[in-house]
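Listed in order, the protein sequences are those of chains A and B. Under the working numbering, the first sequence has 26 at position 26, and the numbering climbs by one with no breaks. Numbers in the working numbering are just positions in the second sequence, counted from 1, shifted up by 256. Shown next, in structure tokens, is the structure this report addresses.
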Amino acid sequence: MTHLRTSGASAGQAPRTSGASAGQAYDFRRLAVVDVARHYGRRKALSQVAFTCEAGEIVGLLGPNGAGKSTLLNILATLLTASRGRVEYGDRTAAQGGGEVRARIGMLGHDLFLYPELTARENLIFFAKLYGLPDARAAADAALERAGLADRGDDIVSGFSRGMRQRVALERALLHDPRLVLLDEPFTGLDQASTAALVARLQERREAGCILVIATHDLDVADGLLSRAIYLKNGRVVGTDTDSRGLSERYRIAIQ
Amino acid sequence: MGSFFRVAWHVMRKDLTVEVRSKEVLLTTLFFAVSVVLVFSFAIVREGRAPDDVAAGILWVAVSFSGTLAMGRTFERERYNDTLRALLLAPTDRPAIYTGKLLGLLILLALVEMVLVPLVGLLFTAPILAYPGRLAALLALGTLGFAAVGTLFAAMLVRVRSRDTLLPVLLYPVTIPVMIAGVRGTAALFQAVPDEAMAQFWIGLLVFWDAIFVTLALWTFEPVMTE
């Protein structure tokens with residue numbers, strides 16, 4: 001598997017783009033997963049996983065339940081540490097970059113990461129402040145506009161449909177203009193219109209130069225969206241694919 | 257350092273806003289604390305008179321039991337929608353998140369104590385107004401030490417299935433020094449002839465334990481929360 005060169009701008013560093021959190025200057029254009037393994041006691045969740053992603057790519061992590069997709073996303077998000085190997089964000093690892101690396105990562109989890117007792121606007125303002133955005137209210141208003149929920153911003157999130165919550169959650173993850181966007185089963189429970197809106201937003205982020213990593217079972221939606229598919233089974237990479245069309249058939253062959 | 261307190265403030269404010277909307281932790285904690293005091297009063301008070309020196313113990317039992325309930329719930333809330341992961345992913349000093357959670361909990365417990373103290377004074381004829389400043393200092397410092405350890409343990413246990421059972425099992429032995437100082441200091445103020453010097457001694461000891469517990473909690477929060 002690919003092992004990357006990691007110094008200087010050519011190794012994936014880039015100047016900051018826009019909408020960044022105050023005081024955070026680090027950016028990268030390449031993500032490298034280098035022989036990552038993760039064990040829970042004696043159980044191996046991931047073994048020797050290695051791949052790279054470049055800015056402007058949507059990479060799919062595909063595999064059956066228990067394949068290690070969520071574990072890998074959590075490692076990429078710096079929420080889990082690898083038992084072996086490392087993840088490089090440009091020329092830094094999570095341990096070297098700390099808050100500066102985290103400031104460039106946005107994550108949409110399966111559980112959406114929203115407080116149901118707060119309004120959509122309050123949720124967005126809270127996270128904008130946590131990321132140190134200079135004008136949290138303006139950032140929240142813009143995010144609500146993008147989510148198509150400007151008129152529902154003062155409603156509490158627990159009253160929203162799954163699709164509306166998903167839109168707020170996605171904008172929460174993108175509030176700080178992250179370079180790396182991680183999405184865990186983002187299409188689950190969405191109707192066709194919401195799925196189409198989500199796909200359009202992800203494609204817009206790809207064109208803006210983000211690295212998007214999506215763990216999904218929804219091959220019909222992923223078909224045509226992904227720049228590359230990485231097939232995982234029992235914690236190992238069992239195949240990669242650069243043509244995302246006809247994904248279901250190739251997924252079946254790779255996972256068998 | 258400004259960023260640290262700014263984040264702590266936002267986390268505390270968010271916790272209190274959520275609590276104002278749901279009233280879940282405050283009402284359950286208050287109900288439990290009042291129930292504890294009432295049960296003790298039914299069992300101990302005879303013809304309007306309580307035995308000497310029990311009021312301080314009952315007050316601290318109610319504070320510690322209800323505090324444990326509140327601690328568990330504040331982090332349970334972060335688990336429901338996995339918001340704890342979103343907090344940990346933010347590019348902030350992680351101890352600032354701990355500090356915000358601790359401050360939110362302290363405010364909730366202070367509200368509970370504002371009801372508990374007069375109730376104990378009424379039911380157990382404790383002289384709560386004799387030395388209000390020292391009593392407030394004992395309660396504030398004792399609650400801080402107890403909550404500092406409890407908030408850390410609650411965060412540690414948030415992903416553990418048996419967290420509700422494990423929290424008191426871990427918390428009470430570690431916070432024994434704080435509980436002893438709180439009970440003994442309060443008893444010194446509540447006794448027939450209040451002993452101000454003794455209360456002051458226990459207040460000093462509480463400051464010592466608080467400094468140790470808060471420092472250790474701030475120091476260990478980041479490694480504890482990194483899996």
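Even glycine gets a Cβ: it sits at the ideal position worked out from N, Cα and C.
So what does DSSP say about residue i, is it helix, strand or coil?
| i | result |
| --- | --- |
| residue 238/A | strand |
| residue 322/B | helix |
| residue 81/A | coil |
| residue 153/A | coil |
| residue 228/A | strand |
| residue 22/A | Reliability fails at residue 22/A, whose pLDDT of 44 lies under 50, so the model's placement of it is uncertain and no value is given. |
| residue 298/B | helix |
| residue 11/A | Because the pLDDT at residue 11/A is just 46, under 50, the model does not fix this residue reliably, and the point stays unresolved. |
| residue 266/B | helix |
| residue 54/A | strand |
| residue 63/A | coil |
| residue 47/A | strand |
| residue 133/A | coil |
| residue 311/B | helix |
| residue 72/A | helix |
| residue 38/A | strand |
| residue 184/A | strand |
| residue 305/B | strand |
| residue 28/A | strand |
| residue 177/A | coil |
Quick one, which of the options has its alpha-carbon nearest residue i's?
| i | options | result |
| --- | --- | --- |
| residue 375/B | 425/B, 416/B, 318/B, 344/B | 318/B |
| residue 268/B | 407/B, 324/B, 443/B, 293/B | 407/B |
| residue 379/B | 387/B, 332/B, 307/B | 307/B |
| residue 187/A | 59/A, 34/A, 108/A, 54/A | 108/A |
| residue 291/A | 198/A, 57/A, 174/A, 26/A | The structure shown does not extend to residue 291/A, since chain A is modelled only from 1 to 256, so the question has no answer here. |
| residue 473/B | 293/B, 430/B, 313/B, 441/B | 430/B |
| residue 27/A | 157/A, 118/A, 150/A, 89/A | 89/A |
| residue 373/B | 391/B, 423/B, 356/B | 391/B |
| residue 185/A | 236/A, 69/A, 246/A | 69/A |
| residue 127/A | 357/B, 475/B, 348/B | 348/B |
| residue 167/A | 197/A, 31/A, 117/A, 192/A | 197/A |
| residue 281/B | 270/B, 361/B, 297/B, 411/B | 361/B |
| residue 381/B | 481/B, 301/B, 289/B, 262/B | 301/B |
| residue 446/B | 285/B, 270/B, 377/B | 377/B |
| residue 82/A | 114/A, 55/A, 34/A | 34/A |
| residue 451/B | 337/B, 274/B, 259/B, 383/B | 383/B |
| residue 482/B | 54/A, 67/A, 63/A, 98/A | 98/A |
| residue 238/A | 125/A, 64/A, 206/A, 144/A | 64/A |
| residue 334/B | 388/B, 437/B, 410/B, 441/B | 410/B |
| residue 71/A | 194/A, 44/A, 54/A | 44/A |
Going along chain B, which residues have a C-beta under 7 angstroms from residue i?
| i | result |
| --- | --- |
| residue 129/A | 266 |
| residue 222/A | Chain B residues near residue 222/A: none, gap ~23 angstroms exceeds 7 angstroms. |
| residue 105/A | 345 |
| residue 93/A | Result: empty, since nearest Cβ-Cβ is about 13 angstroms, beyond 7 angstroms. |
| residue 77/A | 345 |
| residue 111/A | 337, 338 |
| residue 216/A | Neighbours of residue 216/A on chain B: none; closest Cβ ~18 angstroms, over 7 angstroms. |
Report the neighbours of residue i on chain B: residues whose CB is nearer than 9 angstroms to its CB, in chain order.
| i | result |
| --- | --- |
| residue 100/A | 347 |
| residue 89/A | In chain order: nothing, as chain B lies at least about 12 angstroms away. |
List the residues of chain A that residue i touches, going by C-beta distances under 8 angstroms, in chain order.
| i | result |
| --- | --- |
| residue 418/B | Result: empty, since nearest Cβ-Cβ is about 17 angstroms, beyond 8 angstroms. |
| residue 281/B | The contacting residues do not exist; residue 281/B stays about 12 angstroms from chain A at best. |
| residue 342/B | 107, 109, 113, 127, 172 |
| residue 278/B | 117 |
Which residues in chain A have a C-beta closer than 7 angstroms to the C-beta of residue i? List them in chain order.
| i | result |
| --- | --- |
| residue 415/B | What residue 415/B touches in chain A: nothing, since even the nearest Cβ is about 11 angstroms away. |
| residue 308/B | Going along chain A, no residue has its Cβ under 7 angstroms from residue 308/B, so there is no contact; the nearest lies around 45 angstroms. |
Anything in chain A within Cβ reach of residue i, meaning under 9 angstroms, just list it in chain order.
| i | result |
| --- | --- |
| residue 273/B | 115, 117, 118, 122, 126 |
| residue 326/B | Simply none; closest approach about 16 angstroms. |
Run down chain B in chain order and give the residues with a C-beta less than 8 angstroms from the C-beta of residue i.
| i | result |
| --- | --- |
| residue 195/A | Those do not exist, as residue 195/A stays about 21 angstroms from chain B at its closest Cβ, beyond 8 angstroms. |
| residue 41/A | In chain order: nothing, as chain B lies at least about 13 angstroms away. |
Does the beta carbon of residue i come closer than 7 angstroms to any beta carbon on chain C?
| i | result |
| --- | --- |
| residue 270/B | Although the question refers to chain C, the structure presented lacks it and instead comprises the protein chains A and B. |
_I'd like to know if the region 240–254 of chain A and the region 82–94 of chain A are in contact, where contact means that at least 3 CB-CB pairs between them fall below 8 angstroms._
no
_Unbroken stretches of the alpha helix (DSSP H), 4 residues or longer, contained in the region 394–466 of chain B_ = 419–430, 432–446
*What are the start and end residues of each continuous alpha helix (DSSP H) run of 4 or more residues lying completely inside the region 313–390 of chain B, in chain order?*
339–345, 350–379
_Cβ contact check for the region 119–139 of chain A and the region 70–81 of chain A: 3 or more pairs under 8 angstroms_ = no
_Check whether the region 170–184 of chain A and the region 101–121 of chain A touch, using three or more Cβ-Cβ pairs below 8 angstroms as the test._
yes
*Ignoring anything shorter than 3 residues or poking outside the region 83–130 of chain A, list the beta strand (DSSP E) runs there in chain order.*
84–89, 105–108
_Uninterrupted beta strand (DSSP E) stretches inside the region 196–225 of chain A (no shorter than 3 residues)_ = 211–215
*Taking 8 angstroms as the threshold, find out whether the region 322–334 of chain B comes into contact with the region 364–374 of chain B through three or more Cβ pairs.*
yes
*Okay, do the region 384–402 of chain B and the region 331–351 of chain B touch, 3+ Cβ pairs below 8 angstroms being the bar?*
no
*Within the chosen definition, does the region 396–403 of chain B reach the region 466–480 of chain B through at least 3 CB pairs nearer than 8 angstroms?*
yes
*Contact the region 219–233 of chain A vs the region 199–206 of chain A: 3+ CB pairs below 8 angstroms*: yes
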